[in-house]
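Visitor:
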Amino acid sequence: MTDLVEQFWLRCDEAEPVFSADEIRWTPPQQFDLLHGRGLLKETARATWAICNACGDGHMEEVVWMNSGAPGHLEAFIPCPEVGGAPVEPDRLRRWAVDLDLTARMIRETLGLVGSFSPLVPGRVWGLGRRHLAGRFRDFFLVCGAMLADGHTLWARSRHIEDAPSPVILVPAWAPQQRSEPVFRLADIAAITGSGLTLDLDYIADAVPRDSYSAPAKSVANFPVGEDARWEELRITVSERSIVAQLRAQRREFGLDDLQFTGNEDRLWQVLCAFARLGGQTPARSTSVSGKDAATFRKQVSDLRQRLATVFPIAGEPIRAVHGTGAYRCVFQIGLDRQDGFPVRPDEWEDCRFVELQDGRIRISVKSKEVFAARTRSEETQRLTAIEAGERETVRSEEYDLRALGLANDSGIPTAEGSVLLDFLRDGGKQYRRGDDKDVLRLGQRLRTWMAMDSGPFQFTLSRRLWTTAFECGSLRR
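Numbering (my numbering), first residue to last: 1179 to 1656.
#1: For TRP1274 and HIS1214, which I take to be in contact (beta-carbon distance under 8 Å), what is that distance rounded to the nearest angstrom?
#2: Give me whichever residues DSSP pairs with GLU1577 in a beta bridge.
#3: Can you give the Cα-Cα distance for GLY1433 and GLY1290, rounded to whole angstroms?
#4: Name the one or two DSSP bridge partners that GLU1221 has.
#5: If contact is defined by three or more beta carbon pairs under 8 Å, each pair taking one atom from either stretch, is the stretch 1180-1193 in contact with the stretch 1207-1223?
#6: Below 8 Å CB to CB, which residues in the same chain sit around ALA1324 once its five sequence neighbours on both sides are set aside?
#7: Three or more beta-carbon pairs under 8 Å between the stretch 1432-1451 and the stretch 1535-1543, yes or no?
#8: Could you tell me whether the stretch 1601-1619 touches the stretch 1636-1653, using the rule of 3 or more Cβ pairs below 8 Å?
#9: In whole angstroms, what is the alpha-carbon distance linking LEU1278 and GLY1329?
#10: Are the beta-carbon atoms of LEU1654 and GLU1534 separated by less than 9 Å?
#11: Looking at the unbroken alpha helix (DSSP H) that takes in ARG1316, where does it start and where does it end?
#12: From the DSSP secondary-structure annotation, give me the bridge partner or partners of ALA1651.
#13: Measure the beta-carbon distance from GLY1652 to ILE1492 and round it to whole angstroms, keeping in mind my assumption that it falls under 8 Å.
#14: Evaluate VAL1386 with the Cβ neighbour count: other Cβ atoms within 10 Å of its Cβ, from every protein chain shown; 16 or more gives buried, anything less gives exposed.
#15: Can you find the residues in the same chain that come closer than 8 Å, C-beta to C-beta, to TYR1610, ignoring five residues on each side of it along the sequence?
#16: Is the CB of ILE1229 under 9 Å away from at least one CB in chain C?
#17: Beta-carbon within less than 6 Å of ALA1264's beta-carbon, same chain only, minus the 5 sequence neighbours each way: which residues are those?
#18: For ARG1283 and ALA1586, I'd like the C-alpha separation in whole angstroms.
#19: Could you compute how far the alpha carbon of GLN1511 sits from the alpha carbon of TRP1527?
#20: Among the candidates PHE1475, PHE1520, PRO1195 and ARG1612, whose CA atom is the shortest distance from the CA of LEU1326?
#21: When DSSP builds the beta bridges, which residues end up paired with VAL1183?
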């Protein structure tokens, strides 16, 4: 008798993970009932080839269906050199396929993983989720058929594995060669019994590399997300001792204790605040920064990634390195909680644009620089140069009600200064007023405070008695 459970894991690694009726016949019936009863084996299309049992050669031939004489009744035959047409019992053509998706979901449930479950390469690679293990949070992946002819292509087709800070790879039976990630054979650590699927998690915990930084996972707060959530949809606003997270229609505030930050001096909290002050991206690394300091910051960013990935179980990395520059960029949106100001300070008023929207709100946009990895082509050799840090322009936009700007009363009626701002926006940034117009002067001070600028936003031409804005203006109101 063949051990069907043992063969189950081997078959998961094959290009066509199915069992024939002949194979099932030679396995313990209770094992088939176990796998079939749990849905791990499901009947699929009948076989189109069969082994001949009419002679002693055991040759395999394609099945031919022939009319037996009775109307609408077909019988299966295969050609045989000895007997001509050898009949095949229809039950011998039955087959049962491994339900790999259900297998992956059962593994996820058994391991107690959180976060998104996603097929990364259909029928071959699954992102199972993450959990805290051996000192840090780890992303688990199931990879089937790693040793097939196209197995080496699975990694390029599954960028989530490369992006995961601490991936753990599970394979049914055949482990890939020369992989740096921890790889575990389910045939060694898993068991399927009448009580369900079990996995030796302690063995995995002992075998994976331990990290010296250990986050207290059980007490870290969690923000529930959908399986299709993306980091780009998350917005984090950082205040003095808390953050506010918003994703789609969900909004939640987390205190330092919720996030397991020990206080304002916590190194990870300081890194998060730095990202917020910089609008989500650190500058390119200066040549004066030592290798030791760079390694320390790299480790801190890695630890912050783990903490964020625990609180927000979203697939992929929340913070990415800008290759070749030493800079890091948040995939999510982040800024400081300035109740009385724009989250990013512009360099010049000329980098700002104020637009009145159709619903009466004001959109403020600020140009800024982001660092990216750049390569140029040598004029002499026409070859690409080494990767260098480049800068490109990006825009940060926020939308405010006039009341939030302090330019309208509680009923939404614009103040005198608010009316002046609307006039500027509707008239292309120009207003003919006295040089000592108090409403213009008060509005200028309000905008300076809001944008944290040292210089004023308006210029006055005495000869024309004309006020003009130093920023770009526009209005969508009709």
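All C-beta atoms, glycine included, are put in the ideal place defined by N, C-alpha and C.
Guide: On the basis of the coordinates in this document:
#1: Rounded, the Cβ-Cβ distance is 7 Å, consistent with contact.
#2: In DSSP, GLU1577 forms a bridge with ARG1541.
#3: Cα to Cα, the separation comes out at about 26 Å.
#4: TRP1274
#5: yes
#6: Apart from the 5 residues on each side of it in sequence, ALA1324 sits with its Cβ closer than 8 Å to the Cβ of ASP1191, LEU1332, VAL1349, TRP1352, ALA1353 and PRO1354 in its chain, given in chain order.
#7: no
#8: Segments in contact, yes.
#9: 17 Å
#10: yes
#11: From DSSP, ARG1316 is part of no alpha helix (DSSP H) but of the beta strand (DSSP E) over 1314-1321.
#12: For the record, residue 1651 in the displayed sequence is Cys; it is not Ala. CYS1651 is bridged to PHE1532.
#13: Not really, about 35 Å apart at Cβ, beyond 8 Å.
#14: buried
#15: ARG1642, ARG1643, LEU1644 and TRP1645
#16: The structure shown contains no chain C; it is built from a single protein chain.
#17: Closer than 6 Å at the Cβ level, and outside the excluded window around ALA1264, lie CYS1230, ALA1232, ILE1256 and CYS1258.
#18: 54 Å
#19: Put simply, the backbone Cα of GLN1511 is about 23 Å away from that of TRP1527.
#20: PRO1195
#21: According to DSSP, which records beta bridges pairwise, VAL1183 is partnered with nothing at all.
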